[in-house]
Each structure stands twice: as C-alpha cells, then as structure tokens.
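Peer 1:
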Amino acid sequence: MAIGRSVPVRDAEARVRGAVAYLADLRLPGMLTAKIVRSPFPHARIRHLDPRPALRIPGVVAILTAEDFNRPGAPRLFYGVDRKDQPVVARDRVRYVGEPVAAIAAETPEAAEEAAQAIEVEYEELPAVFDPLTAAKPEAPRVHEDCPGNVFLHTRLRHGDLEAGFAAADLIVEETYTTPPACHAALEPHGVIAQWADGRLTVWSATQAPFVVQETLAELFGLPREAVRVIVPPLGGGYGGKGYVRLEPLTAVLAWKVGGRPVRLILERSEEFVTLTRHAAWIRIRTGVRRDGTLTARQVEVYWGAGAYADITPRLLRSAGLVRVVGPYRIPAVHVDAYGVYTNLPPAGPFRGTMSFEGAWAYESHMDTIAHALGMDPLELRRRNLLRPGDRFCTGEVIEEAFFWECLEAAARHVGWDQPYEKGEGMRRRGRGLAVMMKSTLPRSRSECRLVLRADGVLELHTGTVEMGQGAHTALAQIAAAETEIPLERVQVIGPDTAQVPYDATTSASRATSMMGAAIREAAARLKEEMRRRAAPLLEVDPEELILQGAGVTLRGRPEVWIAWEEVLRRHGLEALEAHGVFETQGGLDPETGQGIASPHWHQGAGACEVEVDIETGKVRILRYCAAAYAGRVINPALATLQNEGNMVFGLGQALMEQIFFDQGQPLNANMSDYQIPSLRDLPEVLESVLLESPEGSIHGLGEMTLPPVAPAIANAIFDAVGVRIRDLPITPEKIWRALHGE
Amino acid sequence: MANRERFALHVNGQIHVVEAEPTRRLLDVLRADLGLTSVREGCGIGVCGACTVLMGGRPVSSCLLLVSQVHHQEIVTVEGLGGNGVLHPVQQAFIEHFAFQCAYCTPGFILSTVAMLEKEPDLDEQVLGEYLSGNLCRCGSYLHILKAVRTVARGRQHGFS
Ligand code: FES
Ligand code: FES
Numbered sequence: 019m020a021i022g023r024s025v026p027v028r029d030a031e032a033r034v035r036g037a038v039a040y041l042a043d044l045r046l047p048g049m050l051t052a053k054i055v056r057s058p059f060p061h062a063r064i065r066h067l068d069p070r071p072a073l074r075i076p077g078v079v080a081i082l083t084a085e086d087f088n089r090p091g092a093p094r095l096f097y098g099v100d101r102k103d104q105p106v107v108a109r110d111r112v113r114y115v116g117e118p119v120a121a122i123a124a125e126t127p128e129a130a131e132e133a134a135q136a137i138e139v140e141y142e143e144l145p146a147v148f149d150p151l152t153a154a155k156p157e158a159p160r161v162h163e164d165c166p167g168n169v170f171l172h173t174r175l176r177h178g179d180l181e182a183g184f185a186a187a188d189l190i191v192e193e194t195y196t197t198p199p200a201c202h203a204a205l206e207p208h209g210v211i212a213q214w215a216d217g218r219l220t221v222w223s224a225t226q227a228p229f230v231v232q233e234t235l236a237e238l239f240g241l242p243r244e245a246v247r248v249i250v251p252p253l254g255g256g257y258g259g260k261g262y263v264r265l266e267p268l269t270a271v272l273a274w275k276v277g278g279r280p281v282r283l284i285l286e287r288s289e290e291f292v293t294l295t296r297h298a299a300w301i302r303i304r305t306g307v308r309r310d311g312t313l314t315a316r317q318v319e320v321y322w323g324a325g326a327y328a329d330i331t332p333r334l335l336r337s338a339g340l341v342r343v344v345g346p347y348r349i350p351a352v353h354v355d356a357y358g359v360y361t362n363l364p365p366a367g368p369f370r371g372t373m374s375f376e377g378a379w380a381y382e383s384h385m386d387t388i389a390h391a392l393g394m395d396p397l398e399l400r401r402r403n404l405l406r407p408g409d410r411f412c413t414g415e416v417i418e419e420a421f422f423w424e425c426l427e428a429a430a431r432h433v434g435w436d437q438p439y440e441k442g443e444g445m446r447r448r449g450r451g452l453a454v455m456m457k458s459t460l461p462r463s464r465s466e467c468r469l470v471l472r473a474d475g476v477l478e479l480h481t482g483t484v485e486m487g488q489g490a491h492t493a494l495a496q497i498a499a500a501e502t503e504i505p506l507e508r509v510q511v512i513g514p515d516t517a518q519v520p521y522d523a524t525t526s527a528s529r530a531t532s533m534m535g536a537a538i539r540e541a542a543a544r545l546k547e548e549m550r551r552r553a554a555p556l557l558e559v560d561p562e563e564l565i566l567q568g569a570g571v572t573l574r575g576r577p578e579v580w581i582a583w584e585e586v587l588r589r590h591g592l593e594a595l596e597a598h599g600v601f602e603t604q605g606g607l608d609p610e611t612g613q614g615i616a617s618p619h620w621h622q623g624a625g626a627c628e629v630e631v632d633i634e635t636g637k638v639r640i641l642r643y644c645a646a647a648y649a650g651r652v653i654n655p656a657l658a659t660l661q662n663e664g665n666m667v668f669g670l671g672q673a674l675m676e677q678i679f680f681d682q683g684q685p686l687n688a689n690m691s692d693y694q695i696p697s698l699r700d701l702p703e704v705l706e707s708v709l710l711e712s713p714e715g716s717i718h719g720l721g722e723m724t725l726p727p728v729a730p731a732i733a734n735a736i737f738d739a740v741g742v743r744i745r746d747l748p749i750t751p752e753k754i755w756r757a758l759h760g761e
Numbered sequence: 324m325a326n327r328e329r330f331a332l333h334v335n336g337q338i339h340v341v342e343a344e345p346t347r348r349l350l351d352v353l354r355a356d357l358g359l360t361s362v363r364e365g366c367g368i369g370v371c372g373a374c375t376v377l378m379g380g381r382p383v384s385s386c387l388l389l390v391s392q393v394h395h396q397e398i399v400t401v402e403g404l405g406g407n408g409v410l411h412p413v414q415q416a417f418i419e420h421f422a423f424q425c426a427y428c429t430p431g432f433i434l435s436t437v438a439m440l441e442k443e444p445d446l447d448e449q450v451l452g453e454y455l456s457g458n459l460c461r462c463g464s465y466l467h468i469l470k471a472v473r474t475v476a477r478g479r480q481h482g483f484s
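Here you go:
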C-alpha cells in the first residue's frame with residue numbers, strides 16, 4: 019500500500035547531491051540581470067525622477083519607471099489580488115521604505131548596481147504612520163488619498179447575545195496583545211525570470227501560486243490567460259512569503275520594455291525584509307466567565323496592519339481574520355471586529371500560521387490569565403470549554419472532526435502535566451504552560467489535476483501543487499499510486515507549469531495534500547471507469563463484470579483472467595488515457611455577520627512545555643516541548659513528522675526571537691545577523707512530536723497547525739515560573755527582566 | 324573589465340584557472356563560472372551556511388572569501404563527494420533519515436558534517452554544536468539532521484565509512 023508509508027521524497031538523491039535546480043540555478047541564453055531602485059522614505063512625493071544618467075552606463079539595457087506606463091499599448095500600472103491599489107513601480111508617491119521606484123535591466127550585476135546609484139530621484143517627505151492603531155485614527159496621515167482613517171476594510175462576526183453573555187458572567191477579563199512584523203526568511207530569496215516572445219510571456223517564478231500569478235499578469239497586460247505561462251521550479255522554502263503575487267509584475271514589465279531577452283531578478287537578503295512581512299497586529303480580547311470556568315461571552319477587536327498595500331489582507335479579513343482569533347471554544351456569544359489598516363510599512367501577507375499565530379497568541383495567553391484569576395488549572399479551564407464533535411462554532415457551522423482536547427491532553431501528558439515538579443527557588447525558576455489552536459483552511463477554492471496513463475505503464479500526475487520542501491509531490495504520488503494501484507515507482511509528477519497542468523488555486527493554508535489529494539481520487543475513479551469501459555469489449559463481457567485490481571482488470575469470480583492496463587491501451591491502439599479530477603470547497607462567511615462556512619475542515623494543534631527562567635537575566639530555556647496535531651489520515655509519516663517539527667522550530671523563532679525593527683519606517687535589522695532565526699543551539703532540550711491519526715479521518719495538511727501554540731505555551735510557562743505576563747511578542751529576555759523589575 | 328587576474332583553484336580534485344577580479348567572491352566563482360550550483364547564497368554575510376565549502380578540509384563560508392584568497396587552495400563542494408555515482412555515507416544517511424525538507428541548506432549541512440567526522444574522533448554535543456550551528460535550516464529539519472549525523476558517526480566508530 020502506497021499510503022501510510024514513509025517513502026523518501028521523490029528527488030531525494032538530487033537533493034543531497036545539491037542538484038535540485040532552484041530558480042537561481044536556471045540559465046537562459048542572453049539573460050539580463052534586474053535590479054530595483056527603492057524608496058529611502060516611508061512616505062514621500064516623488065518630485066523628480068531622471069533615469070538618463072544611468073542609461074549612459076555601459077551594459078545598461080533598459081530602465082523602467084512609471085513613465086513607461088503612459089506609452090500606448092503599455093500594461094496597467096496597478097495590480098492587486100483584491101484591491102488594485104499597488105503600482106508596479108511608484109508614480110508620484112512612495113508609501114514605504116523599500117518601495118520600487120524604478121527597475122534596471124543590465125548585462126551584468128555590476129552595471130545594474132552602478133545604474134541604480136546613478137538614477138536621480140528627488141523626494142519631498144510626507145507625514146507617515148506606522149502602527150495600525152494610530153493609523154486607524156481619523157486624524158492620522160493618509161497612506162492612500164482615497165482612504166481616510168486608513169481602514170480599508172472592517173469585517174464583523176456576530177454570534178449570540180453579547181450583552182446577555184457578559185451579564186451572565188461572574189468575571190470579565192480584558193487584555194491587549196500585540197505581534198510585530200516578522201520576516202519569512204526562507205533561505206532561498208524571491209526570484210523571477212521573465213521573457214517575451216511573439217506577444218507571449220513566459221515567467222519562471224519561485225511562487226506558491228502559479229495560477230494567481232498567471233491571472234494577474236494576463237490582466238496587467240490585457241492578454242488572454244493562455245498567453246502567459248508560469249513555470250515553478252522547486253522552492254527553497256516558502257512559508258507563505260512566496261504566496262500570491264510578489265515580484266512577477268515588475269519583472270514581467272521590465273522584460274516587456276527590454277523586448278525579447280530574458281530578465282532575471284533575484285532579491286538580495288536585505289530586500290526580503292521589505293518585500294512581504296507578517297502583519298503587525300493589535301488585539302483586544304475581552305471574555306466573560308462563570309466561577310465554574312464556563313465561558314459566557316467573548317469580544318475581540320483586531321487591527322491588522324497591512325502595510326502600504328492591501329495585497330491579500332481583504333480576503334483574509336473576510337474569514338481568517340475573524341475566525342482565527344476566537345479560539346476552539348464553545349462560547350454562547352462572540353463578537354469580532356477586524357480592521358484592515360494601511361500603514362507606511364512594507365505590505366503584509368500570508369505567513370506560516372497566518373492570523374492563527376496572532377490569534378492564538380492572544381486567546382491562549384488570555385485563557386491562562388482567566389484560569390489564574392479563577393484559581394483554576396489552565397488545562398481544566400480548557401477542558402470545560404473546548405469544542406467537541408457536534409458542537410457549533412461561532413460561525414454557526416457544526417464541527418464534526420473535533421480533537422482539540424485529545425491534542426491538548428496528549429501534549430500535556432508528554433510534559434508530565436499532572437505530576438508535581440520543583441519550581442525552584444534560586445535564580446532559576448521553572449514553569450509549565452500549554453496552548454491549543456484552531457485554524458481554518460480556505461473555503462471556496464478549487465484544485466484540479468490530470469492523470470495520464472501511458473502505454474508504457476507510467477502514470478503521469480499533472481498538478482499545480484508547488485513543491486517547497488513539504489514533500490507534497492511525494493505525498494500526492496503516493497495518493498495516485500494508492501488510488502490506481504499502480505506501483506509508486508511508475509508514478510511521475512509533472513508541474514507546476516500553467517501550460518501543462520490544470521488549475522490549482524494555490525499551495526498554501528496547508529491545503530495541498532487534502533485538496534489536491536481529493537482531486538486525484540476523483541481523477542483515479544474516472545480513469546478506472548474508463549478502463550473498465552475499454553477492457554470490456556476485449557474480454558467480451560459487460561463492464562459491470564469487471565473488477566479493477568493491481569493496475570489491471572480482472573473478471574468477477576475468475577481471477578485467472580487478468581489483463582494489465584497498458585495492455586488494454588495497446589490493444590486499443592492508444593498511446594495514453596487521460597482523466598481529469600476536480601475538487602472544490604464551498605462556503606464563505608457573510609462579511610456583516612461572520613456567519614456561514616469558514617472551513618471545509620479544521621486544523622487542530624496543541625503544545626505544552628516546561629521552561630526555566632533566569633530571573634537575573636530574563637533568559638528563558640525551553641527544557642521540554644511537545645507539539646501534538648490532529649493528523650487525520652497520514653500519507654507519509656516521516657514527512658508528516660518533519661512538518662510538525664518544522665512548525666515547532668519555526669514557532670520558537672517567532673515566539674522568542676523574531677521581529678523586524680522599524681524606526682520611523684526604516685528597517686534596522688534587515689540582515690540575518692541582526693534578524694536571527696533558530697539554529698541548532700536554540701532547540702529545546704527535548705522536542706517531541708505527536709500525531710494523532712485517524713485512519714477513517716480526512717487528509718489534513720500539517721505544515722502549520724502546531725506553530726501557533728508555541729508562543730502562548732511558552733508565555734504561559736513563563737507566567738507559571740515567575741508570575742510575569744508578556745503580552746507583546748517576541749518574548750525577549752529584556753521584556754521579562756523589565757517585567758520582573760516592575761518596569 | 325578592469326584588473327582581472329588569473330587564479331588557479333583546485334576544486335573537487337580538478338584544477339580550474341579562472342580569470343576574475345581579485346575581489347570576486349568565491350561563491351560567485353563557484354556558482355557562475357564553474358557551474359557548481361550546490362553552493363548557494365542565503366545570507367551573504369557568513370551566517371547561514373548555505374554557501375559552505377570545504378577548504379583544506381575545513382568548512383568555510385564561500386560568500387566571505389575572495390577568489391584571491393583561495394588561489395591554489397583545495398576546495399570541495401558537494402558535487403565532489405562520493406564518486407563513481409556512489410553517494411557519500413553522509414549523503415546516504417541524510418536520505419535515510421529524511422534530514423531535509425526544501426533541501427536548500429542540505430549541501431552546507433552535509434559538508435559541515437563531513438568535515439566534523441574527519442576532524443573529530445569524539446563527537447559530543449559540544450562538538451556537534453560547534454560544527455553544525457553555523458548552518459541554518461529555516462524548514463526546521465534539525466532533529467532529523469541530528470539523527471542522520473549521529474548514525475554516520477556511530478557507523479564510523481564501528482569501522483564503516
Ligand atoms: S550565504 Fe554564506 S553564510 Fe549565508
Ligand atoms: S530544509 Fe529547507 S532550509 Fe533546511
């Protein structure tokens with residue numbers, strides 16, 4: 019059986035030989051180097067921009083500025099997956115430090131660099147605003163002229179009678195939590211190659227969403243979709259940072275200006291910090307609870323700092339930004355108000371654990387504050403309120419697969435929650451904490467695939483799913499093999515390439531294995547049906563009498579009659595047989611009430627830990643961490659465990675280390691020495707991964723669900739150890755020290 | 324181009340004469356001039372280890388070295404490991420123990436491990452930390468990397484590799 023087995027990833031040997039060709043390894047004849055000229059100001063009017071001095075530099079081929087968009091036949095200047103508010107390069111005005119104002123294509127990186135220095139730009143600085151709460155004040159400077167107050171979207175969730183809920187409470191607790199912008203920091207930077215030929219555009223991009231890129235570019239240039247081809251090499255990490263549309267418009271328009279020769283843009287590390295960030299979030303959470311621990315009401319107000327352009331934030335706000343901040347609890351009355359706010363910072367977007375990370379930081383820290391106020395064990399408080407199968411969530415939907423308690427309980431058990439332990443007395447104090455989270459996946463999205471059975475016995479799987487290290491191509495091949503009974507070695511994965519594979523919405527929100535997997539199942543069923551139909555005349559029987567078995571067809575009750583699939587093809591003179599599969603999720607929420615279907619299924623994860631705090635320095639050591647996820651039906655246990663461990667390590671960085679520091683909009687730590695990510699030395703002494711499987715359950719993506727609990731679990735353990743509550747991420751020794759010393 | 328000079332590099336057992344400005348980074352020479360794309364740029368400032376190569380058997384960051392500093396030095400990249408199509412035991416162990424996800428960091432980790440196993444007869448946690456904390460893995464495959472490394476180290480004690 020191909021499912022449930024830890025088979026190595028498809029190209030494992032190429033990976034250890036360093037032979038996987040990432041975007042930066044592609045070489046095209048005549049390829050030019052691109053370089054972006056960026057704004058040094060967070061908010062300014064462009065008074066004057068003169069590219070001419072740069073054009074005189076030998077090796078400079080073309081320079082793109084907003085002027086070019088005025089030419090007849092020029093592409094559109096503005097794009098955006100929701101609001102079309104972002105210019106390819108700035109015209110008149112820049113809105114964040116790092117915003118592109120011009121782009122250069124040159125023969126060599128040196129010439130491009132020199133040209134970037136030579137372009138003359140004069141700015142007139144404007145008042146700027148950086149944090150979402152200040153930006154949302156009516157008198158705040160406007161990031162976009164047409165958006166006073168900078169709130170471009172306000173969505174609501176309304177469930178139950180809030181006033182009655184609070185009136186029924188014995189205790190009301192209100193707190194405010196914040197999370198700062200952070201950087202995805204994939205080791206592979208963003209990169210794009212674009213080339214025009216005969217009015218058609220080909221783009222190679224390290225993107226998680228080839229079809230969204232295709233659609234955006236087609237619209238930008240006024241072309242039919244088929245005239246734009248997007249090819250995606252394996253990614254050196256994505257984590258959401260390569261989701262949706264990033265540098266493709268700029269590179270494609272620059273290539274359009276060049277005409278014919280391929281243009282390659284690869285970001286420098288410092289540019290990664292101004293390309294896409296995690297949202298800066300400000301979350302106020304207020305909860306009513308009865309003395310016995312029953313939650314009666316919850317009100318959440320979230321300001322999502324989107325940066326200078328809306329990007330994907332409006333879409334997120336219509337669902338994720340509401341439901342991912344509530345928590346997996348049964349609460350009779352819930353109100354959420356989510357605001358999407360422009361600020362003069364780089365755009366924010368998807369980020370491993372998108373909005374669940376911020377949500378869980380607030381609601382899970384808050385749960386411990388409540389438990390403490392009630393004098394109740396934090397695990398017990400959660401046990402009394404967690405959603406169980408058949409419970410209704412605040413969106414009105416009934417949650418069938420609900421294993422929050424099981425996840426939390428498993429994690430707690432691994433750190434010995436019910437056993438007594440020494441908290442310590444001297445300089446080092448110990449504490450324990452736990453947290454659980456619930457995350458929606460994408461409603462209203464579609465995945466398609468094609469299965470092609472060739473006469474040589476090979477099964478091709480054509481898929482738009484992007485391989486970014488999560489092992490998706492391996493897991494999908496396993497599903498295709500299991501569904502068709504064709505040996506795994508004979509399954510070939512083709513794609514992603516928009517010219518070769520059918521549509522897929524995106525590889526994000528941990529949706530690939532589950533949704534693409536379902537599409538494969540459907541395609542396999544069709545393929546088998548077609549096979550039965552074709553085999554019947556060869557065996558001179560009715561299709562109903564045939565049974566499909568072991569990549570062949572046999573006769574009911576007569577196992578000695580068996581003919582291989584490729585034999586059926588050969589006898590019909592067919593080179594290949596194709597079948598198409600589609601899987602679509604329905605749903606969506608009413609933006610005024612937040613009622614409806616937020617998710618086809620729910621991601622569920624928990625974490626528990628034991629920490630040691632040095633009260634002299636504020637330093638935290640994680641002695642033990644356990645992450646438990648509800649995994650449903652597991653395709654490849656080794657890959658699943660890798661994903662789960664990846665969540666923990668990524669989460670540790672987010673919890674304890676990571677923040678892009680902006681001073682008046684200027685990033686201060688835009689390099690990997692000042693912006694540190696976890697290394698081997700930062701791992702807990704014991705790190706355990708638990709996957710709760712259910713062979714009858716659905717297939718779940720595992721790339722995110724145990725990440726959001728990491729930060730609140732640690733913060734809760736710190737509170738347990740030294741009685742200090744940190745509410746602003748990341749949890750640094752300095753913050754702990756200050757809190758301990760009453761500052 | 325101004326002031327180009329000739330440099331002789333011994334890479335993976337072969338001598339390459341390259342013409343370059345003395346300030347050209349070894350990383351760029353290996354990737355662009357010699358096509359050794361297992362050597363990758365991550366941070367460009369000696370922090371991430373994605374550009375690790377062995378110089379005289381020691382792991383070094385090729386983003387920090389200039390071509391003029393490696394004239395006549397013995398350089399090994401992952402392309403030069405194993406031989407005759409056979410994988411090096413460390414590469415083998417990385418596959419067996421699923422020691423990577425996106426694998427962008429993998430060549431660097433493999434080379435650091437190879438150097439450590441050659442130089443350090445006794446592997447304790449401290450040595451492991453010294454050799455391997457200069458390589459970052461954003462996908463967070465560390466536990467599996469450690470498993471792979473420890474397995475080869477044990478095998479070596481028993482006389483394999
Ligand atoms: S690129 Fe050389 S150490 Fe990161
Ligand atoms: S496997 Fe992706 S960075 Fe290590």
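Which chain is which? The protein sequence lines are P and F, in order.
All you need for our numbering is the position in the first sequence, starting with 1, plus 18.
All you need for our numbering is the position in the second sequence, starting with 1, plus 323.
Every residue, glycine too, gets a C-beta built ideally from N, C-alpha and C.
1) Give me, in chain order, the residues of the same chain whose beta-carbon lies closer than 7 Å to that of Leu725 (chain P); leave out the 5 immediate sequence neighbours on both sides.
2) Can you tell me which of P:Glu125, P:Glu128, P:Asp110, P:Glu233 puts its alpha carbon nearest to the alpha carbon of Asp100 (chain P)?
3) Using the Cα positions of Ser465 (chain P) and Leu557 (chain P), report the straight-line distance between them to the nearest angstrom.
4) Can you find a C-beta in chain P that's less than 9 Å from the C-beta of Arg479 (chain F)?
5) Could you give the uninterrupted runs of the beta strand (DSSP E) lying entirely in the region 631-695 of chain P, keeping only those of 3 residues or more?
6) Beta-carbon within less than 8 Å of Ala32 (chain P)'s beta-carbon, same chain only, minus the 5 sequence neighbours each way: which residues are those?
7) Under the criterion of a Cβ to heavy atom distance below 8 Å, does Ser464 (chain F) qualify as lining ligand 2?
8) Could you work out which residue in P:Tyr693, P:Ile749, P:Gly760 is closest to Val370 (chain F) when comparing CA atoms only?
9) Distance check for Arg63 (chain P) and Ala236 (chain P), CA to CA, integer angstroms please.
10) Do we get a CB-CB distance below 9 Å when we pair Asp100 (chain P) with the residues of chain F?
11) The beta strand (DSSP E) spanning Thr194 (chain P) covers which residue range?
12) Distance check for Thr197 (chain P) and Val318 (chain P), CA to CA, integer angstroms please.
13) Is Gln11 (chain P) close to ligand 2? I mean its beta-carbon at under 8 Å from any heavy atom of the ligand.
14) Using C-beta distances below 8 Å, list every residue in its chain close to Glu752 (chain P), excluding the 5 sequence neighbours before and after it, in chain order.
15) Do Gln677 (chain P) and Pro60 (chain P) count as a contact pair if the criterion is CB distance below 9 Å?
16) Determine, using beta carbons only, whether Thr375 (chain F) and Gly431 (chain F) come nearer to each other than 9 Å.
17) Would you say Met723 (chain P) faces chain F, with C-beta separation under 9 Å as the test?
18) Please give me, in chain order, every unbroken run of the beta strand (DSSP E) with length at least 3 that falls completely inside the region 555-594 of chain P.
19) CA-CA distance, Asp700 (chain P) and Thr173 (chain P)?
20) What does the alpha-carbon distance come out to for the pair His208 (chain P) and Arg347 (chain F)?
21) Using 10 angstroms around the beta-carbon of Gly380 (chain F), count the other beta-carbons present and answer buried if the total reaches 16, otherwise exposed.
22) Rounded to a whole number of angstroms, what is the C-alpha to C-alpha distance between Trp580 (chain P) and Gly570 (chain P)?
23) Just checking Tyr427 (chain F) against ligand 2 - is the residue's beta carbon closer than 8 Å to any of the ligand's heavy atoms?
24) So, at 6 Å on beta carbons, what are the nonlocal neighbours of Val246 (chain P) in its own chain, with the 5 sequence-adjacent residues on each side left out?
25) Is the closest heavy atom of ligand 2 to the C-beta of Leu205 (chain P) under 8 Å?
26) Can you tell me which of the three DSSP states Val362 (chain F) falls into?
27) For Phe222 (chain P), write down the residues that DSSP places opposite it in a beta bridge.
28) Against Cys386 (chain F), what residues of chain P qualify as contacts under a CB-to-CB distance less than 9 Å, listed in chain order?
29) Candidates F:Gln480, F:Arg477, F:Gly463: which alpha carbon is nearest Leu657 (chain P)'s?
30) Please classify Glu132 (chain P): does DSSP put it in a helix, a strand, or coil?
31) Between which two residues does the alpha helix (DSSP H) carrying Val147 (chain P) extend?
32) Just the Cα atoms here: how many angstroms apart are Thr387 (chain P) and Ala200 (chain P)?
33) Give a yes or no on whether the minimum CB-CB distance between Asn458 (chain F) and chain P is below 9 Å.
34) Find out if the Cβ-Cβ distance for the pair Val393 (chain F), Leu349 (chain F) is shorter than 9 Å.
35) Going by DSSP, what residues sit across from Gln480 (chain F) in a beta bridge?
Peer 2: On the basis of the data shown:
1) Annotation for Leu725 (chain P): Arg370, Gly371, Phe375, Asn665, Phe668, Gly669 place their beta carbon closer than 7 Å to its own, counting only its chain and skipping 5 residues before and after.
2) Closest by C-alpha distance to Asp100 (chain P), out of P:Glu125, P:Glu128, P:Asp110, P:Glu233, is P:Glu233.
3) The straight-line gap separating the alpha-carbon atoms of Ser465 (chain P) and Leu557 (chain P) is approximately 36 Å.
4) For Arg479 (chain F), the nearest beta carbon of chain P is not closer than 9 Å to its own beta carbon.
5) Whole beta strand (DSSP E) segments, 3+ residues: 638-650.
6) A distance below 8 Å between beta-carbons, with the five flanking residues on each side excluded, links Ala32 (chain P) to the following residues of its chain, in chain order: Val38.
7) Ser464 (chain F): yes, Cβ under 8 Å from ligand 2.
8) If we check each option's Cα against that of Val370 (chain F), P:Tyr693 comes out closest.
9) Cα-Cα distance, rounded: 30 Å.
10) It does not: the Cβ of Asp100 (chain P) has no partner Cβ on chain F nearer than 9 Å.
11) Annotation for Thr194 (chain P): the continuous beta strand (DSSP E) segment containing it runs 189-197.
12) If I take the Cα positions, the gap works out to 15 Å.
13) Residue 11 (chain P) lies beyond the residue range present for chain P, which begins at 19 and ends at 761; the question has no answer from this structure.
14) These residues qualify, in order along the chain: Gly636.
15) Against a cut-off of 9 Å, the Cβ pair of Gln677 (chain P) and Pro60 (chain P) comes out as no contact.
16) Yes; because the gap between Cβ atoms is below 9 Å, this pair is in contact.
17) No, no contact with chain F.
18) Unbroken beta strand (DSSP E) stretches of 3 residues or longer found wholly inside the region 555-594 of chain P: 564-567, 570-573, 576-582, given in chain order.
19) So the alpha carbons of these two residues sit roughly 39 Å apart.
20) Roughly 23 Å separates the two Cα atoms.
21) Note on Gly380 (chain F): under 16 other CB atoms within 10 angstroms of its CB, so exposed under the neighbour-count rule.
22) So the two alpha carbons sit approximately 7 Å from each other.
23) Taken from the Cβ of Tyr427 (chain F), at least one heavy atom of ligand 2 lies inside 8 Å.
24) Cβ neighbours of Val246 (chain P) beyond the five flanking positions: Leu219, Gln232, Leu235, Ala236.
25) Here the distance from the Cβ of Leu205 (chain P) to the nearest heavy atom of ligand 2 is below 8 Å.
26) DSSP, reduced to helix, strand and coil, places Val362 (chain F) outside both helices and strands of the structure shown, so it counts as coil.
27) It is Trp, not Phe, that sits at residue 222 (chain P) in the sequence shown. Bridge partners of Trp222 (chain P): P:Ile211, P:Ile249.
28) Against chain P, the beta carbon of Cys386 (chain F) has no neighbour under 9 Å; the closest one sits roughly 10 Å away.
29) Ranked by Cα distance from Leu657 (chain P), the options F:Gln480, F:Arg477, F:Gly463 are led by F:Gly463.
30) Residue state, collapsed to three classes: helix.
31) It is not in any alpha helix (DSSP H) - Val147 (chain P) carries neither H nor E in the DSSP assignment.
32) Each residue's alpha carbon lies about 26 Å from the other.
33) Under the 9 Å criterion on CB atoms, Asn458 (chain F) is classed as interfacial with respect to chain P.
34) In this structure, Leu349 (chain F) lies closer than 9 Å to Val393 (chain F) by Cβ.
35) None; Gln480 (chain F) has no bridge partner.
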